[in-house]
Amino acid sequence: MESHIYHSKVVDSKGLVDWTETENRTWQTLIQRQHEVIQGRAAQSFLEGLEILNFTRDRVPQISEINLVLKKCTGFSVKPVAALIQPQEFFELLANKQFPMATFIRTPQDLDYIQEPDVFHEVYGHTPMLTNPVFTRFIEQFGKLALSLDKKYRRKLFRLFWFTIEFGMIKEQGDTRAYGAGILSSIGETQYALTDKCEHRDFNFLDILRTPYRIDIMQPIYFVLNHIEELFTIFDMKVESIMEEALRLGDHAPAFELKGKTLDTESGSMGE
24 MESHIYHSKV
34 VDSKGLVDWT
44 ETENRTWQTL
54 IQRQHEVIQG
64 RAAQSFLEGL
74 EILNFTRDRV
84 PQISEINLVL
94 KKCTGFSVKP
104 VAALIQPQEF
114 FELLANKQFP
124 MATFIRTPQD
134 LDYIQEPDVF
144 HEVYGHTPML
154 TNPVFTRFIE
164 QFGKLALSLD
174 KKYRRKLFRL
184 FWFTIEFGMI
194 KEQGDTRAYG
204 AGILSSIGET
214 QYALTDKCEH
224 RDFNFLDILR
234 TPYRIDIMQP
244 IYFVLNHIEE
254 LFTIFDMKVE
264 SIMEEALRLG
274 DHAPAFELKG
284 KTLDTESGSM
294 GE
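Mapping of the sequence shown onto the working numbering: position 198 corresponds to residue 221, and the numbering continues sequentially without gaps.
Laid out in structure tokens, this is it:
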């Protein structure tokens, strides 16, 4: 894949981004094909969020349009940021009911995959679940939990974000469905995640903390909730004790080939 360097676009004083004709066409292509592939694969709460947001098809939605809907539903909003932000800022945003959003979109050459989180990933992948009051309460509490812990635990705690908010799956009427943004903003991963090419594990906090991941491949392992409220069991646990146990036991053997800075123990979705 050809490498591109992406930079967030300027947001003007009215909260608007000046998207080009090419960028709007890219959005149109992405949303049309993703709408088709998620049918029968996306969680009901995600589909309901899509219906509530009712994204424009012919252009990238503006931040103000998205926030108008989100604030009415859950009190959350999206905030434009650079593609990678420091952990402290990331967790503070979540704890204050704000979700970071990049303001650039992939080029046509990178249509199928981009390592950086672009506006399609943020808007199409994340914001539908931000209309769900139960899910946003988890995100807010996750941010507050992260801020309350010693910084030495943050890398492992981010694995909880990765395997839920980014790549989470859930049981619905006996079927497994995706709710994570990393799955549902990717045409390839949406199809792959429900095949026997990957492993589905029961949701388990300690297991998640011990599971490394790579940011540049389709995930070999997904954790599956029995119901959305299962996320909140974490907040009833002695989190620091479990963190220490995870450190003592060490990571599970990676289910993938090791590859430098794409391994989460070396570099992650947050800049450091």
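No residue lacks a Cβ here, since even glycine has one placed at the ideal position from N, Cα and C. Since the model is a prediction, treat every value here as computed from it, not as a measurement.
| Check | Outcome |
| --- | --- |
| Any 3 or more C-beta pairs closer than 8 Å across the stretch 266 to 283 and the stretch 229 to 240 | yes |
| Same chain only: Cβ atoms within 6 Å of Thr148, ignoring 5 sequence neighbours per side | First, the residue type needs correcting, since residue 148 is Gly and not Thr in the sequence shown. Only Ala204, Leu207 and Ser208 meet the Cβ criterion. |
| Which of helix, strand or coil DSSP assigns to Glu280 | coil |
| Met241 and Tyr215 closer than 8 Å at C-beta | yes |
| Cβ-based burial, Leu282 [other Cβ within 10 Å; buried from 16] | The amino acid occupying residue 282 in the given sequence is Lys; Leu does not appear at that position. Burial call: exposed. |
| Beta-bridge partners of Met124, as assigned by DSSP | Pro103 |
| Beta-carbon contacts of Ala169 that lie in its chain and below 7 Å, excluding the five residues immediately before and after | Phe114, Arg177 and Leu180 |
| Close-in-space but distant-in-sequence residues of the same chain around Asp135 (CB under 7 Å, 5 per side omitted) | Ile210 and Gly211 |
| Given Arg82 as reference, the closest of Thr45, Lys102 and Lys174 once Cα atoms are compared | Thr45 |
| Three-way DSSP call (helix, strand, coil) for Glu163 in this model | helix |
| Extent of the continuous alpha helix (DSSP H) run through Asp230 | Phe228 to Leu232 |
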